[in-house]
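Okay, here's the thing in structure tokens:
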């Protein structure tokens with residue numbers, strides 16, 4: 001999904017670049033024509049155009065430089081991402097197979113590199129075009145400066161003509177009036193536009209306020225989502241801690257299982273030792289049976305020893321009674337039975353007990369030890385089974401807990417994905433709002449710039465109006481003064497033509513008077529057709545001074561006329577400049593549009609860089625999440641390995657239990673054989689002398705329990721046999737003793753069979769849960785039922 005979104009964004013960026021290049025070429029082609037047209041005007045306008053073109057070229061060069069810097073920054077920002085992607089792709093090729101949602105592929109990285117190379121090439125082409133245009137424009141400006149200087153010299157030489165200039169001034173004034181009217185109309189339109197712009201600005205401010213409110217809301221949402229992410233991370237950490245605890249518990253359970261295995265091994269060894277002891281006891285019993293058969297006739301001498309044995313056995317019985325008080329009801333019944341047997345034995349005199357051997361004491365002691373060891377072995381087996389069941393229950397609980405933790409982790413992962421998607425949607429909305437804000441700010445700045453330009457134009461128009469009015473007033477004054485001067489010159493010329501005639505008449509009169517008085521002086525003729533010099537010098541001096549003053553005034557007015565002409569020329573040039581400014585408004589608007597496009601392109605590149613940074617951050621977060629998922633997978637693999645090990649151990653334990661069952665079956669077979677032997681002995685025991693063999697062979701038929709009681713019974717039977725001293729009494733006693741022994745042997749065999757069946761039931765129940773899952777299935781369906789045990793505990797509770 002991330003790769004598809006990046007491809008879509010790259011395609012959008014390429015389309016935007018193509019549109020920007022097309023608009024830029026259109027603006028350059030449209031902007032070059034008016035520049036050439038305007039540069040063909042006269043001197044001052046060309047100077048202004050040169051300065052404006054130079055400023056525009058400088059601005060465009062600065063904008064191009066900023067674009068290049070932004071492109072370089074974007075390439076530098078994108079290059080580490082590409083390096084990370086390349087390294088990630090190499091790592092995926094060399095290491096494990098890639099996972100879903102990993103960093104960018106090589107195709108997308110190559111596409112990004114190609115787009116960056118194309119942008120750099122286009123930037124270089126733009127720079128070369130700008131430098132070529134700049135050099136061409138500078139050469140054109142230098143040539144136009146030279147032509148302007150030549151034209152200025154020509155204009156300076158041709159300034160002397162006043163009449164043609166007056167007509168031109170009148171035409172210029174009419175044109176100024178028309179342009180002033182046009183400017184007034186334009187001012188009205190500009191005022192209307194200003195009002196519209198004010199309204200739009202108010203609307204934009206409202207929209208800005210609403211967008212700011214929305215941005216604050218989005219920021220609050222983002223903060224909430226970030227708090228949710230923090231809480232999710234905390235829960236993730238807690239889950240990790242719980243996983244660590246469960247892992248430690250599993251390790252402890254494994255250690256306990258190892259200890260249980262060691263205990264089972266020790267129990268096996270102990271069981272093998274017991275088997276060897278049983279075999280030895282069997283051999284010993286056979287030897288004792290043989291010796292008892294041989295020494296049956298010499299029993300009268302051992303009566304005292306039998307009585308001592310009886311006392312010792314009574315003491316042991318009392319101890320057994322104290323122990324049996326702690327047992328259950330079945331044991332109490334057996335105790336009552338044993339007490340009845342003891343009472344019967346106590347009623348029989350101790351005289352005929354002559355068939356007992358001192359070696360019976362050691363035999364009985366060995367039987368008691370074997371009984372104790374077998375009881376201890378059973379207790380150990382029961383404790384081992386209980387600990388195994390507890391460990392299995394703990395393992396099941398830990399497995400359930402780990403499954404719960406995994407489910408919680410999956411739920412947290414889904415929550416994290418949902419929050420990531422929400423964050424992406426919120427970031428997109430935030431970027432859209434930021435773009436809208438930037439567009440509104442750029443529009444506001446453009447409007448503010450246009451407002452400042454309009455204000456400057458209004459000020460310039462007003463100053464031009466004031467200057468035109470002043471120039472018109474001065475022109476009128478100059479015209480009036482010129483008219484007065486021309487009138488004065490005409491009157492002075494007329495007076496200059498009249499004064500020579502008057503002077504000539506006066507000279508004639510003076511000559512006549514001098515002739516009369518004989519004091520005649522020679523006249524001095526005037527140059528340039530003037531009459532002779534008057535005889536009154538004061539009048540001539542005053543007239544000459546007046547003429548000189550008039551000539552100075554004429555020269556002064558001529559100079560003023562020249563100044564007025566120069567001012568008129570300056571105003572004409574200013575008017576032309578204003579017209580050129582009006583023509584250049586379209587060019588400035590186009591340049592403004594070009595600048596706006598450049599700003600938009602720069603904003604788009606910045607946005608692209610921000611998006612790339614955001615994408616890098618998201619990729620970093622994704623890599624972190626992937627690492628966490630890998631750790632979870634490692635934990636799961638570790639748990640599965642431990643579970644497999646536990647299963648193997650359970651299988652080993654089941655094999656051990658099977659081996660114990662085999663051993664138990666062998667023991668059962670041995671007991672059956674013993675039972676058969678006893679039945680054979682019982683079947684062939686019609687002769688009284690064979691009864692001791694049966695009596696002594698009885699303990700070997702059982703699983704060691706009740707040997708002491710049977711020993712007591714045997715001693716009692718011997719005591720009862722000693723009541724009568726006659727042979728008939730001995731034979732009858734032997735028969736009764738044989739019958740009682742047969743009963744006791746049958747009871748012992750029944751107890752042994754019950755004990756064996758109880759042990760089989762225990763083993764079958766212990767072998768039910770072969771695995772944790774089977775334990776889960778079978779652990780809740782177990783039932784409690786009592787089993788009769790005549791050996792030691794009375795009643796066994798099998799769970």
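Numbering (UniProt numbering), first residue to last: 1 to 799. Glycine is no exception: its CB is placed at the ideal position from the N, C-alpha and C atoms.
Assuming residue i and residue j are in contact, meaning their beta carbons sit under 8 Å apart, how far apart are those beta carbons, in whole angstroms?
i, j, result
"residue 661", "residue 250", "The Cβ separation is near 29 Å, so there is no contact."
"residue 433", "residue 214", "6 Å"
"residue 567", "residue 471", "6 Å"
Excluding sequence positions up to five away, which residues of its chain have a Cβ less than 8 Å from the Cβ of residue i?
i, result
"residue 575", "172, 175, 176, 179, 464"
"residue 635", "243, 247"
"residue 638", "247"
Which residues in the same chain as residue i place their Cβ atom closer than 7 Å to its Cβ, once the five residues preceding and following it in sequence are excluded?
i, result
"residue 488", "550"
"residue 436", "211"
"residue 33", "Confidence is the limiting factor: at residue 33 the pLDDT is only 44, short of 50, which leaves the residue's position unreliable, though a coordinate-based value still follows. Excluding sequence neighbours, residue 33 sits near nothing in its chain."
"residue 64", "In this predicted model, residue 64 has a pLDDT of only 43, less than 50, meaning its place in the structure is not dependable enough to derive any value."
"residue 446", "592, 596"
So is residue i buried or exposed if we call it buried at 16+ other beta carbons inside 10 Å?
i, result
"residue 674", "buried"
"residue 577", "buried"
"residue 562", "exposed"
"residue 185", "exposed"
"residue 556", "exposed"
"residue 619", "buried"
"residue 646", "buried"
"residue 236", "buried"
"residue 758", "buried"
"residue 109", "buried"
"residue 192", "exposed"
"residue 712", "Legend: pLDDT at residue 712 = 42, less than 50; position of this residue unreliable, no value from coordinates given."
"residue 182", "exposed"
"residue 379", "exposed"
"residue 632", "buried"
"residue 653", "buried"
"residue 315", "exposed"
"residue 707", "The pLDDT assigned to residue 707 is 40, lower than 50, so where the model puts this residue is not dependable; a value taken from the coordinates is nonetheless given after this. Residue 707 should be labelled buried."
"residue 552", "exposed"
"residue 137", "buried"
"residue 565", "buried"
"residue 671", "buried"
"residue 751", "buried"
"residue 12", "exposed"
"residue 148", "buried"
"residue 132", "exposed"
Between residue i and residue j, is the Cβ-Cβ spacing less than 8 Å?
i, j, result
"residue 232", "residue 412", "yes"
"residue 485", "residue 554", "yes"
"residue 608", "residue 442", "no"
"residue 603", "residue 404", "no"
"residue 115", "residue 14", "yes"
"residue 560", "residue 478", "yes"
"residue 218", "residue 430", "yes"
"residue 571", "residue 467", "yes"
"residue 222", "residue 601", "no"
"residue 649", "residue 259", "no"
"residue 410", "residue 239", "no"
"residue 422", "residue 225", "yes"
Please return the same chain residues whose Cβ sits closer than 6 Å to the Cβ of residue i, not counting the five positions on each side in sequence.
i, result
"residue 593", "none"
"residue 142", "none"
"residue 727", "Reliability fails at residue 727, whose pLDDT of 48 lies under 50, so the model's placement of it is uncertain and the value that follows must be treated cautiously. Hits under 6 Å: none found."
Check whether the region 253–264 and the region 651–660 are in contact - that is, three or more C-beta pairs closer than 8 Å. Because the criterion of three Cβ pairs below 8 Å is met, the region 253–264 and the region 651–660 touch.
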